[in-house]
Structures are given as C-alpha cells and as structure tokens.
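Each remark here refers to the structure printed beneath this line.
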Amino acid sequence: MRDFSGDHSQLSLNTATVRKQGNLLDIIEACARHQIRAIAPWRDQVALVGLDAAVTAAKDAGLKLSGYCRGGMFPADGARRQEARDDNRRAVDEAKAFGAPCLVLVVGGLPQFSRAGSAVSKDLGAARAQVEDGIGELLDYARGVGMPLAIEPLHPIYAADRACVNTLAHALDICDRLDPDMTGALGVAADVYHVWWDPNLYRDIRRAGDKRLLAFHVCDWLVPTRDLLTDRGMMGDGVIDIPAIRRAVEAEGFSGFSEVEIFSELDWWQRPMDEVLETCIARHKTAV
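Going by full-length UniProt numbering, 96 is the number at position 96 of the sequence shown; the sequence numbering is gapless.
Structure, rendered in structure tokens:
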C-alpha cells in the first residue's frame, strides 16, 4: 500500500467537491495553487466555460485527469433512446479531448428519471437490460477512439433514479459479458461511498483485479446522513474504513489517483474553496 502521509501527489479532485464555490476555470486555478495534480471534471461544469477553454486551462495548469464525469443514463423510452446514444457519444468525445483515462458511467435507473420526459415505468429489469445494451453499443464507439469506460455501481438507495447497477459484482458481470477478453476497454469505478456496505466487497475487488479497476473514489458516510444525495462526508468524518478498501484495490495492482468526490450541500459546499482543498489534502494524508 502506498504511503500518502508525506505528500498529496496521488490526490485527484473531483470538481463536484467545490462546484458551488466557483466555475471550472476557478477550480483549475485553485488546484494549481494547491499543487493538486489531477482533477475529474463534470460535463455540466465543462459546458459552462466551454470545452476548448476547459481543456486548455487544464493542460496549461499541468493537470492530469483521473476520470471524466459522466456518461450513462441509458434507460429511456423509444422517443428518447437516440438522445441517450448521441449524448453518450458526445461524452466519449469530450473525455478524449481532455485525455482522460476513462469515462465514468452512472448508468441510470428507471426511464422517467434517467431521461426527462420518458414514459413512466416500474420495470427495473427492463431498465437493467437497457443499461447493458446501451453500454454494449457505446463500447463499440468508445473502442474506436480509445476511451475506456468505467461502470460506477451506486448504493442501492439510487436504484430508481440514478443507477440500477448497485454492486461491483453486477458491474463486473456486465464487463465480463461485453468485454470477456478483458481488453482494458471496459471496467469499473469503485467509489467507497457506494460500495463500503457490501459484504462481498473484498471478494469483488479481487475479482476485478488491475484489468477492471479503472478509478477509485473517496469520501465518507456520515451517521446520520441528512440528505441521501448531498450529505457526503469528508474522509475521516464518517464510518467507512477507507484505508482498508484502498489497501485492497492497491493489492490488485491499482496505482492511479485517489479521487475525492464530495457532495455536501449542508457543509463543504458552503465553505471557501481554499479551505475545502486544504482539508482534502490534509485528510488524504491521514484518512485515505
């Protein structure tokens, strides 16, 4: 297991962590000041400043990417499936423009939540089938431009609206069916917030191995959690044994960045950006 106590060279900032404090160009400038070496931008933040400006700013600041957020949201009714296809291809192209190591996929839940305006459905099985079909179709396009796809399983509380793939095992089953030769084109993003509870977590990390582990995200689970989407904790403030999970992924050969991704409407989004980044750096040394 790598020693993070002396520096923060392996810290990446998911830009959602300070999305309320400034635009993406502000975040890039702050990361450069704090000697943060990598980011994972969100598409909506990129769109606000323009793709070309965002790519140029990141490159000028010497920033690498740990991933690009996000593709997915595949389930849709018939009238909106082409919209989902086109949107995901654009996400691949944007990730490629940044030189990202992977495009993270938040796969979507029931159609009415994944694609606004879709007909209401309660058929979770059909949504999961659409997810797998959508990933398979996108994989052909992504392979053509050399952009790996990382399926991010989300905690089951998000099964209806954000992701009906909720365990590493399910994500890996999809990977094995669509990419049986483990070519590196398809893998998983392991976010401790979403997987820490799973009794099969360590088994499935071993199953993923270095061929499937494309990204590693950190934050913490607070007790109580006041909002199911926007009350994530800073590393060390909650109940997740983050070092144990990192030890497991690194034992399989993962050597990428630890990406800090915190949605915190009630706390960290209300603090100055510099304070948040300084705290991320300190906790990355002591709690990751």
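No residue lacks a Cβ here, since even glycine has one placed at the ideal position from N, Cα and C.
Taking the Cβ atoms as the reference, Ser12 lies roughly 31 Å from Ala76, outside the contact range of under 8 Å. Three or more beta-carbon pairs separated by less than 8 Å link the region 183-190 to the region 144-161, which places the two stretches in contact. Every alpha helix (DSSP H) stretch that sits fully inside the region 85-137 and reaches 4 residues is listed by chain position as 111-114. Residue burial is scored here from C-beta neighbours: Asp227 has fewer than 16 other C-beta atoms within 10 angstroms and is therefore classed as exposed.
Spanning the alpha carbons of Gly125 and Asp161 requires a straight line of approximately 14 Å. When the beta-carbon positions are compared, Ile205 and Ala244 stay at least 8 Å from each other. By a beta-carbon distance limit of 8 Å, Arg43 contacts Ala91. Their separation comes to about 6 Å. Scanning its chain for C-beta atoms nearer than 7 Å, with the 5 sequence neighbours on each side dropped, one finds around Phe4 the residues Gln10, His284, Lys285 and Val288, in chain order. For Ala171 against Gly67, the beta-carbon gap comes to about 15 Å, at or over 8 Å, which does not count as contact. Ranking Ala95, Arg207 and Met73 by CA distance to the CA of Ala169 puts Arg207 first. Taking 8 Å as the upper bound for CB-CB distance, Ile27 and Val18 are in contact here, some 6 Å apart. Per DSSP, the continuous beta strand (DSSP E) segment holding Asp191 begins and ends at Leu186 to Asp191. In the DSSP assignment, Phe216 forms a beta bridge with Ala190 and Ser258. Annotation: Ala282 is outside any beta strand (DSSP E); the continuous alpha helix (DSSP H) that includes it extends over Met273 to Thr286. Excluding its 5 nearest sequence neighbours in each direction, Gly209 has C-beta neighbours in its own chain below 8 Å: Glu252 and Gly253, listed in chain order.
Its Cα nearest to that of Cys219, the residue Ser264 stands out among Ser264, Arg80 and Asp274.
The DSSP-derived three-state label of Gly67 is coil.
Minimum Cα-Cα distance from Glu278 among the listed residues Asn200, Cys31 and Ile157 corresponds to Cys31. Rounded to the nearest angstrom, the gap between the Cα atoms of Tyr141 and Val107 is 17 Å. With contact defined as three or more Cβ pairs closer than 8 Å, the region 255-269 and the region 231-241 are in contact. Taking all protein chains shown into account, Asn200 has fewer than 16 neighbouring C-beta atoms within 10 Å of its C-beta and is therefore exposed. Of the other Cβ atoms in all chains shown, 16 or more fall within 10 Å of the Cβ of Leu65; this residue is therefore buried.
Shown here for Leu222: same chain residues with a beta carbon closer than 7 Å to its own, the five before and five after excluded, namely Asp231, Gly233, Asp237 and Gly238 in chain order. In the assembly as shown, Glu275 is an exposed residue. Its beta-carbon has fewer than 16 other beta-carbons within 10 Å. Residue range Leu11 to Asn14 is occupied by the beta strand (DSSP E) that includes Leu11.
Secondary structure of Trp268 (DSSP, three-state): helix.
Assignment of Asp241 by DSSP, reduced to helix, strand and coil, places it in the coil class.
For Ala30, the enclosing alpha helix (DSSP H) starts and ends at Leu24 to Arg33.
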